[in-house]
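Engineer: In the working numbering, the protein residues as written are 47 to 232. I'd like to ask some things about the structure below.
See below:
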């Protein structure tokens, strides 16, 4: 038994408590929106900051590569922020709050889907992306934690991870990605 055993066990028990209360119906709603986008030939966009950006990029890669099945339409997906030169140019010239909104204006069409990820739900650039996507007629989906922040209020559908631990919130956002991929592949 190490000095960290209690911390490890406590974290894992907390994860289990969130799993036991996970909003499965909300995840099915998000899955249905992504399935509809694939069926209709629309594009799914992902965005987030920091760890949430890493999750958004990972999700875009998983959706693009790991949902391919013979006889099924391929899912079109763009990870906003993956084009770092573009991101830094928008940040420098338009302001960091516009780094996702500007490419959305260029690329998004009605019927597309935005998956916006923010642990707190209050990231200004993620909120601006949602606002822009809503104006363009996209379906907006949010993954957040804590109490949902502003993000949970402005998207069409949100999953709020009921935890005040950013690590746990980010863990569940990755679990959501992987569950969506498994379902999209089935």
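Cβ atoms here follow ideal geometry from the backbone N, Cα and C, with glycine treated the same way. All figures in this text were calculated on a predicted structure; none of them were measured in a lab.
Using the Cα positions of residue 78 and residue 112, report the straight-line distance between them to the nearest angstrom.
Structural biologist: If you take the alpha carbons of residue 78 and residue 112, they lie about 17 Å apart.
Engineer: Quick one: grab the DSSP three-state call for residue 159.
Structural biologist: Strand at residue 159.
Engineer: Roughly how many whole angstroms lie between the Cα atoms of residue 86 and residue 122?
Structural biologist: Answer to the nearest angstrom: the Cα atoms are 10 Å apart.
Engineer: Output the boundary residues of the alpha helix (DSSP H) element that contains residue 123.
Structural biologist: No alpha helix (DSSP H) holds residue 123; the beta strand (DSSP E) holding it covers 122-125.
Engineer: According to DSSP, is residue 182 part of a helix, a strand, or is it coil?
Structural biologist: In this structure, residue 182 counts as coil in the three-state DSSP scheme.
Engineer: Flag this pair as touching only if the stretch 130-140 and the stretch 162-170 have three or more C-beta atom pairs under 8 Å; answer yes or no.
Structural biologist: Verdict: no, contact absent.
Engineer: Residue 134 by DSSP, collapsed to three states: which one?
Structural biologist: If DSSP states are grouped into helix, strand and coil, residue 134 belongs with the helices.
Engineer: Check whether the Cβ atoms of residue 83 and residue 159 sit closer than 8 Å, and answer yes or no.
Structural biologist: Yes, these two residues count as a Cβ contact at 8 Å.
Engineer: Whether or not the stretch 182-198 and the stretch 215-223 are in contact is what I'm after, with contact meaning three or more pairs of Cβ atoms, one per stretch, closer than 8 Å; do they touch?
Structural biologist: Verdict: yes, contact present.
Engineer: Leaving out five residues on either side along the sequence, give the residues of the same chain with a beta carbon under 8 Å from the beta carbon of residue 174.
Structural biologist: Same-chain partners within the cutoff: 143, 144, 146, 147.
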